[in-house]
Amino acid sequence: MYDITIIGGGIAGMTAAIYGCRSGKDVLIIERSVFGGQIISTSEIENYPGLSSIKGYSFALDLYQQIDRMNADKANDDVLSVRTEDNIIIIEGKKDSYKCRTAIIAVGTKNRALSLPGEEKFIGKGISYCATCDGAFYKNKTVAVVGGGNTALEEALYLSLLCKEVYLIHRRDKFSGENTLQKRVFESKNIKILFNTKVIGLHGKDFLEKIEILTERKSSDPISGSSYEQSYKNVENGHSQETFAEVLEIECLFTAIGQIPQNSSFSNITDLDENGYIIADETCKTRTIGVFAAGDCRSKELRQLVTAASDGAAAASEAIKLLNTQTTKI
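Using my numbering, the first residue of the sequence shown is number 4, and each one after it goes up by one.
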């Protein structure tokens, strides 16, 4: 029986483990994959207070070593369900079941897919969600990144150091990422920006060989490196827009179009908002006493490294308060 069991070994989860261990509680942290979460795939972290620059992998490794020194118990398991029985929280995993007095859900989010035919077939064979993980396989090759936020810009910049040419594809007419990242992208010599462009098709036999795109632009000249297919005019709200369908031959498509929650396993003990995120207040309390939600899986406005760490600290602090008010140990 653990005092605190944390589901998820990302930044929020490991921060919660630090606070739990420092308070003298028995802590278990369950991670289904690799400890560190999505920050591992970040090439450089430049917006965490006190650190001018650090690689995502190094940051996650330092945090893991910290919880290891504090003797937090760790388990690699995929949590399937959570329920309560007589004030005991029971967590069912694929490998084992776990009992605890309080639980912190910190499962983060997962990468949003393009939802195109053949996408699943090409994952690991020309489609990737992590440039720092897979970029080295495409040294001196032509690749593409789809997305317009911080992650997409970071991926494109990282790949520009390795690859011959990087297409940066975004469906809107401007990026949503930080200005400092945008400036670097615009200054890059081998990043080709394709605004108002959507990926609509994936083609290849065993590996991805080319992508089909739709681009709205004034010029009828095909994109450099593409094969021209067709064009047609679209009249919308009284304005004529010409859309060009083209094909780009690339070695890999790196997808960075956002994240989606993965909280369905917890819908019986928490409330989810319309987007599937766990509803919890700023103390990370959910509707079930003793169950907390921390990090990107929680419904909130800002999802950043620093807010994930903050949530982990808040959730653990509230769990500790609850444990300390219980007069008898279960």
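Every residue gets a Cβ at the ideal spot worked out from N, C-alpha and C, and that includes glycine.
As the structure is a computational prediction, the values presented were derived from the model and not from experiment.
> With 16 other CB atoms within 10 Å as the buried threshold, where does Q307 fall?
Replying inline: In the sequence shown, residue 307 corresponds to position 304, counting from 1. Here Q307 is exposed. Its C-beta has fewer than 16 other C-beta atoms within 10 Å.
> Skipping 5 residues on each side, what residues in its chain have a beta carbon closer than 6 Å to that of M4?
Replying inline: What you label residue 4 is simply residue 1 of the sequence shown in a count that begins at 1. Same-chain partners within the cutoff: K102.
>> I'd like to know whether the C-beta atoms of T135 and Y60 end up nearer to each other than 9 Å.
In response: Here residue 135 refers to the residue found at position 132 of the sequence shown. Here residue 60 refers to the residue found at position 57 of the sequence shown. Using a Cβ distance threshold of 9 Å, T135 and Y60 count as a contacting pair.
>> Quick check: what's the CA-CA separation for S100 versus V30?
In response: Translated into positions along the sequence shown, residue 100 becomes position 97. Translated into positions along the sequence shown, residue 30 becomes position 27. The alpha-carbon atoms of S100 and V30 are separated by roughly 15 Å.
> When burial is assigned at 16 or more other CB atoms within 10 Å of the CB, is R86 buried or exposed?
Replying inline: Position 83 of the sequence shown, counted from the first residue, corresponds to residue 86. Counting Cβ neighbours within 10 Å, R86 comes out exposed, since fewer than 16 surround it.
> Do V294 and T310 come within 9 Å of each other at the CB atom, strictly closer than that value?
Replying inline: Start at 1 with the first residue of the sequence shown, and residue 310 comes out as number 307. Start at 1 with the first residue of the sequence shown, and residue 294 comes out as number 291. Contact annotation: T310 and V294 have beta-carbon atoms that are not nearer than 9 Å.
>> Whole angstroms are fine: how far does the CA of E123 sit from the CA of K28?
In response: To locate residue 28, count along the sequence shown from 1; it is residue 25. To locate residue 123, count along the sequence shown from 1; it is residue 120. Cα-Cα distance, rounded: 42 Å.
> Taking the alpha carbon of E212 as the point to measure from, which residue in R220, G121 and L54 has its own alpha carbon closest?
Replying inline: Counting from one through the sequence shown, the residue named residue 212 turns up at place 209. The shortest CA-to-CA distance from E212 to any of R220, G121 and L54 is the one to G121.
>> Quick check: the Cα distance between H242 and G11, rounded to an integer number of angstroms?
In response: Counted from its first residue, the sequence shown places residue 242 at position 239. Counted from its first residue, the sequence shown places residue 11 at position 8. Annotation note: pLDDT 48 at H242 (below 50); position unreliable, coordinate value reported separately. Pairing H242 with G11, the inter-Cα distance amounts to about 49 Å.
>> What does DSSP give as the partner residue(s) for G40 in the beta ladder?
In response: As a first step, residue 40 is located in the sequence shown; it is residue number 37 there, counting from the start. DSSP output for G40 lists no bridge partner at all.
> Over what stretch of residues does the beta strand (DSSP E) that includes I93 continue unbroken?
Replying inline: Locating residue 93 in the sequence shown gives position 90, where the first residue counts as 1. For I93, the enclosing beta strand (DSSP E) covers residues I91 to G96.
> Since Y60 is in the beta strand (DSSP E), which residue starts that stretch and which ends it?
Replying inline: Start at 1 with the first residue of the sequence shown, and residue 60 comes out as number 57. Here Y60 belongs to no beta strand (DSSP E); instead the alpha helix (DSSP H) covers G59 to R72.
> Could you give the distance in angstroms between the alpha-carbon of D81 and the alpha-carbon of F189?
Replying inline: Here residue 81 is taken as the residue at index 78 of the sequence shown, counted from 1. Here residue 189 is taken as the residue at index 186 of the sequence shown, counted from 1. Taking the straight line joining both Cα atoms gives about 41 Å.
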